[in-house]
Every structure is written in C-alpha cells, then in structure tokens.
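Going left to right, the sequence shown walks through residues 311 to 575 as our numbering numbers them.
Working notes for the structure below.
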Amino acid sequence: MKSRARFLKKIYIGLIFIFMYAPIVLLIIQSFNKSKSRAKWGGFTLEWYRTLFEDAGIIQAFTTTITVALISSAVAVVLGTAACVAMQRMGRRRKNIIMGVTNIPMLNADIVTGVSLMLLFMSIGMQLGYGTVLLSHITFNIPYVILNVMPRFNELNPHVYEAALDLGANPVYAFARTVLPEIMPGIGSGALMAFTMSLDDFIITHFTTGAGVYTLSTKIYSEVKMGIKPEIYALSSMIFVTVLVLLVLVNRVQHQMVRGEGDEE
C-alpha cells in the first residue's frame with residue numbers, strides 16, 4: 311500500500327511538472343525549427359537567433375531591459391540596505407510595522423501596483439518613459455532587497471560594531487569592516503533577486519512606460535499582437551534561460567549562506 315501511494319505521488323508530481331514546463335520546452339524547440347509553421351518540423355536552424363540579433367528594435371529593447379535591471383537593482387540595494395540599518399535602531403514594534411508595510415508591495419497584485427504608479431506619475435506631471443519605468447522598478451525591488459538583507463542584520467552581534475568605535479574607528483570604517491562583510495551574502499542574493507524581478511517584469515512596466523520605450527517583455531507583447539514571428543520564440547527562449555540561470559545563482563548563494571552558518575555552529 312505504501313509503495314502504491316508513493317508511486318501515485320510520483321505520477322502526480324510528474325504531471326504537475328509536465329503541465330508547467332511542457333509549453334516552455336515546446337517554445338524552445340520551435341525557436342530552432344527551420345519552418346515558420348508550428349505544425350511541422352522543417353529541420354534544425356539558428357536562423358531565427360541570427361535574425362533576432364539583426365533586429366534594431368529588439369536590440370534597443372534588450373539594452374533598455376539590461377540597463378533598467380542593473381540600475382534599479384543597484385539603487386534598490388543601496389536604499390534597501392540603508393533602510394535595514396535604520397530599522398536596526400528602531401524598537402521592535404516600529405520595526406515590525408515597517409516590515410509589514412514593506413511586504414505589502416510583494417503581496418499586492420502587480421496590476422494594482424502598475425496602475426497606482428502610473429496614476430502617481432501622471433498626477434505629478436511626469437511624462438511616462440524610461441525614467442518612470444526605472445523609478446517603478448526601483449520601487450518594487452526595494453522590498454526584495456530588504457527581505458534578503460534584514461535576516462543578516464538580525465544575526466549580527468552589535469557589540470562588535472560598538473567595539474570598533476571604542477577602538478577609534480569612525481562609523482563608516484567600522485561599518486565597512488565589521489557589519490558589511492557579515493551582510494554581504496544577503497546583499498548579493500538581494501541584488502540577484504532584484505535583477506531577476508526587474509528583468510522578468512511586464513505588468514508594471516506596461517503601465518508605466520511611454521511611447522517608443524520598450525523592454526523585452528513589452529516588446530514581445532507588442533510583436534505578438536501583430537502575429538507571432540519565429541524570432542519571438544528565440545527571444546522568449548533566451549529570456550527563460552537567463553532568468554533560470556539567475557534563479558539558480560540566487561539559490562546557490564542562499565544555500566552557501568545556510569551552509570556557512572551551519573559550519574560556524
């Protein structure tokens with residue numbers, strides 16, 4: 311009976327993975343299909359990837375996506391880490407309230423966040439474009455940085471920093487030598503998480519972008535409305551692989567953090 315239940319569980323899990331990843335596998339296969347028809351296999355080709363990199367619109371969207379992701383994750387790391395430093399000096403009640411407020415953007419529906427930011431930018435007279443997209447990505451990236459950095463702060467021994475001050479170090483030097491090395495794994499995983507979320511976002515970007523400004527996700531959406539081209543399969547496959555690699559890196563960093571903590575104990 312137990313072996314049968316175990317077998318059924320494996321089948322159930324297998325079906326879940328098939329429903330989740332079979333469409334993505336099919337998409338990747340189609341990106342190498344020489345035929346433009348999705349109904350038949352015309353042979354292996356890399357032509358759609360070559361054509362993709364010759365498309366000026368796609369290259370511009372790719373550049374915008376990467377620059378927004380890099381800048382927003384970097385700014386979010388600085389602001390999120392600074393917020394964690396400030397919260398460490400607060401009482402438990404105020405700290406819990408701020409952490410609860412910080413978690414709201416992660417739990418909130420993306421469409422609500424996107425519409426809210428769009429209305430905010432329009433109400434203050436900002437023209438929708440690259441700047442509003444960048445500000446939006448910084449906004450929703452900060453909570454992810456705090457979520458990764460704050461646990462590292464909670465494990466710190468505050469007396470080490472105070473001892474460095476007592477020995478004559480200035481606050482900046484003491485922070486860089488005693489606190490920063492301890493929270494660096496959290497900063498690294500927070501930066502990777504923020505970069506991944508920015509790279510993958512569509513809904514918030516769709517509501518806060520302006521005419522002529524595209525990221526890869528919004529570019530794919532606009533292209534699909536005019537008919538799916540094989541280059542879109544290639545582009546979607548590249549985005550999936552990139553996000554997958556980044557998520558693997560995030561998991562490895564978090565695993566090393568847990569393993570390091572276990573070795574210290």
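Quick reminder that beta carbons are idealized off the backbone N, C-alpha and C, glycines included.
For residue i, the first and last residue of its enclosing alpha helix (DSSP H)
| i | result |
| --- | --- |
| Y483 | P481 to A484 |
| E357 | E357 to F363 |
| G498 | L490 to D510 |
| V455 | Y440 to N464 |
| I530 | L526 to K535 |
| Q370 | A366 to Q398 |
| L475 | P468 to D476 |
Whole-Å CB distance - residue i paired with residue j, under 8 Å assumed
| i | j | result |
| --- | --- | --- |
| R462 | I493 | 4 Å |
| H447 | S527 | Contact flag wrong, Cβ pair sits at about 12 Å. |
| V523 | T374 | 7 Å |
| V489 | L466 | 7 Å |
| T578 | I456 | What the structure shows of the chain is the stretch from 311 to 575, and residue 578 is not part of that stretch, so it cannot be assessed. |
| M397 | Y454 | 16 Å between Cβ atoms; not a contact. |
Residue i - partner residues in DSSP beta bridges
| i | result |
| --- | --- |
| L418 | Before going on, a small fix: residue 418 reads as Asn here, not Leu. According to DSSP, which records beta bridges pairwise, N418 is partnered with nothing at all. |
| N413 | Beta-bridge pairing links N413 to no other residue. |
| F354 | N343 |
Buried versus exposed, by CB contacts within 10 Å (16 or more), residue i
| i | result |
| --- | --- |
| F363 | exposed |
| V560 | buried |
| A521 | exposed |
| L356 | exposed |
| F327 | exposed |
| I339 | exposed |
| G410 | exposed |
| P491 | exposed |
| E541 | buried |
| V387 | buried |
| L477 | exposed |
Residue i in three-state terms, based on DSSP
| i | result |
| --- | --- |
| F517 | helix |
| N343 | strand |
| G401 | coil |
| Q566 | helix |
| A332 | helix |
beta-carbon residue i near the ligand COA non-hydrogen atom, thresh 8 Å
| i | result |
| --- | --- |
| G324 | As for the ligand COA, it is missing from this structure, which has no ligand bound. |
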